[in-house]
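**Q** Numbering (the working numbering), first residue to last: 29 to 417.
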């Protein structure tokens, strides 16, 4: 059977997803086009050979509507003959793009594909695709969950309560994320993956000087009297400091068959080894990373001890800490260059951002196996295992 390998991976610096953010002036199509253009330039691949470009975007409305990935590919200068599509698996959209690209290569449908993603949360704020007063769920969901589903912040609080994750633990984890990200920048470990854009060279949200004392002064981000009455177990410990910010950014990875890479004289960064997707309780919403991790390890025939590095998306600190309790993973191997709490979480770009950071970290640290997993709205999760070759 054919294999699928990553031969190049790039991302933009990540900006604050606010009107004064460093990348707020850049149209999302141009954000993504920049990574696609850089990906082709750094790899040296003839863009005529690309069979498909698969991109993730969550809020597909306004400037992110009309199949953003297609127009990014055209803006990047790719030939008109190269097709493109945009997918939505919420926060895991571009990780799903990696799955689709790899599965297409393994099946023989593609020889070369690009997986990528973009989100400009300054220009297209979260929930822009749901007009005020409109119900995106429908009557069947209302009947199945009569008490109603909840926003992600409430799910993060419910997870903290269920797994007894304290405010102190979440804040300490967040501080570690910032310090790791700052250390990685200072050591030049992001240089190979980041494509500077219009004078922006570093991730805007990393705070090297933050501390647990600073974070302890932040108020709960999601306190709501109605939910407090419904869920008395919530202690309201999730804050802006121990959750991911809103961001602008894009990322892209070049996937091809191993035999194609050899023919083109390209050295793979990693082989895309195994994949899994799963559904979980849509009320807790963000716990799918636990069964997804178990499922992908089972499919790969590996154990947790075989994994040298993990990337677990830091949508909220409580999610990663609950995952760690359930799996027993060593946190020293998790998000070693910092995670979304520090680097940021531009929704549709985060999946391939994690992959980009992971494949470069694997090479830098000599890791053989790495595992990436992401929680997603609606009670979903993706997981995949990569192998250094």
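No residue lacks a Cβ here, since even glycine has one placed at the ideal position from N, Cα and C.
Look up residue 306 in the DSSP assignment and give the residues it is bridged to.
**A** Beta-bridge pairing by DSSP links residue 306 to 409.
**Q** Classify residue 82 as helix, strand or coil using the three-state DSSP reduction.
**A** strand
**Q** Could you give the uninterrupted runs of the beta strand (DSSP E) lying entirely in the segment 103-148, keeping only those of 3 residues or more?
**A** 112-115, 140-148
**Q** Cβ atoms of residue 112 and residue 129: under 8 Å apart, would you say?
**A** no
**Q** According to DSSP, simplified to helix, strand and coil, what is residue 400?
**A** If DSSP states are grouped into helix, strand and coil, residue 400 belongs with the strands.
**Q** Return the first residue and the last residue of the alpha helix (DSSP H) that residue 214 is part of.
**A** Boundaries of the alpha helix (DSSP H) harbouring residue 214: 195-214, taken from the DSSP string.
**Q** Determine the contact status of residue 312 and residue 86, defining contact as a CB-CB distance below 8 Å.
**A** Using a Cβ distance threshold of 8 Å, residue 312 and residue 86 do not count as a contacting pair.
**Q** If I follow the unbroken alpha helix (DSSP H) through residue 247, where does it start and stop?
**A** Run containing residue 247: none; DSSP gives neither H nor E here.
**Q** For residue 277 and residue 42, which I take to be in contact (beta-carbon distance under 8 Å), what is that distance rounded to the nearest angstrom?
**A** 4 Å
**Q** Please state whether DSSP places residue 263 in a helix, a strand or coil.
**A** DSSP places residue 263 in coil when its eight states are reduced to three.
**Q** Would you mind giving the Cβ-Cβ distance between residue 370 and residue 206, rounded to the nearest angstrom? I have them listed as a contact below 8 Å.
**A** Contact holds; Cβ gap of about 4 Å.
**Q** Is the segment 31-47 touching the segment 297-310, taking contact as three or more C-beta pairs under 8 Å?
**A** yes
**Q** Using a Cβ-Cβ cut-off of 8 Å (strictly less than) and excluding sequence neighbours within five positions of residue 381, which residues of its own chain qualify?
**A** Sequence-distant partners of residue 381 (beyond 5 residues in either direction) whose C-beta falls short of 8 Å from its own C-beta, in its chain, are 39, 42, 122, 145, 277, 279, 371, 374.
**Q** Among 368, 339, 366, 343, which one has its Cα closest to the Cα of residue 397?
**A** 339
**Q** Kindly indicate which residue of 160, 136, 224 has the alpha-carbon position closest to the one of residue 61.
**A** Residue 224 is the option with its Cα nearest to residue 61.
**Q** Since residue 299 sits in a beta bridge, which residues does DSSP pair it with?
**A** 33, 415
**Q** Decide if the segment 44-53 is in contact with the segment 225-233; the criterion is three or more beta carbon pairs, one per stretch, under 8 Å apart.
**A** yes
**Q** Could you tell me the alpha carbon to alpha carbon distance between residue 93 and residue 303, rounded to whole angstroms?
**A** Going by the C-alpha atoms only, they are around 28 Å apart.
**Q** Cβ atoms of residue 273 and residue 151: under 8 Å apart, would you say?
**A** no
**Q** What whole-angstrom Cβ distance do residue 405 and residue 180 have, given they're in contact under 8 Å?
**A** 6 Å
**Q** So what does residue 222 bridge to, in DSSP terms?
**A** 39
**Q** Evaluate residue 430 with the Cβ neighbour count: other Cβ atoms within 10 Å of its Cβ, from every protein chain shown; 16 or more gives buried, anything less gives exposed.
**A** Residue 430 cannot be examined here, being either before or after the span of the chain that is shown, 29 to 417.
**Q** Helix, strand or coil: which one does DSSP assign to residue 52?
**A** coil
**Q** Thinking residue 413 and residue 314 are a contact (beta carbons under 8 Å), I'd like their distance in whole angstroms, please.
**A** Not quite, the Cβ-Cβ distance comes to about 21 Å (not below 8 Å), so this is no contact.
**Q** When the Cα of residue 379 is compared with those of 104, 54, 116, which residue comes out closest?
**A** It is 116 whose Cα lies nearest to the Cα of residue 379.
**Q** Does the pairing of the segment 155-171 with the segment 386-396 give three or more beta-carbon distances under 8 Å?
**A** no
**Q** Where does residue 65 land, buried or exposed, given buried means 16+ other C-beta within 10 angstroms?
**A** buried
**Q** Can you tell me where the beta strand (DSSP E) with residue 254 in it begins and where it stops?
**A** Taken as a continuous stretch (DSSP letters only), residue 254 belongs to no beta strand (DSSP E), being part of the alpha helix (DSSP H) at 253-258.
**Q** My understanding is that residue 193 touches residue 350, with C-beta atoms under 8 Å, so please give their C-beta distance in whole angstroms.
**A** 6 Å
**Q** For residue 249 versus residue 271, is the C-beta distance shorter than 8 Å?
**A** yes
**Q** Opposite residue 73 in the DSSP bridges: which residues?
**A** Note: residue 73 is not bridge-paired with any residue in the DSSP secondary-structure output.
**Q** Check the Cβ-Cβ distances between residue 37 and every residue of chain D, and say whether any is below 8 Å.
**A** Within the model displayed, chain D is absent; a lone protein chain is all it includes.
**Q** Cα-Cα, which of 78, 408, 399 is closest to residue 364?
**A** 399
**Q** To which residues does DSSP link residue 340 through a beta bridge?
**A** According to DSSP, residue 340 bridges with 401.
**Q** What does the alpha-carbon distance come out to for the pair residue 119 and residue 74?
**A** 31 Å
**Q** On a CA-only basis, which of 282, 241, 337 is nearest residue 68? Give me that one, please.
**A** 282
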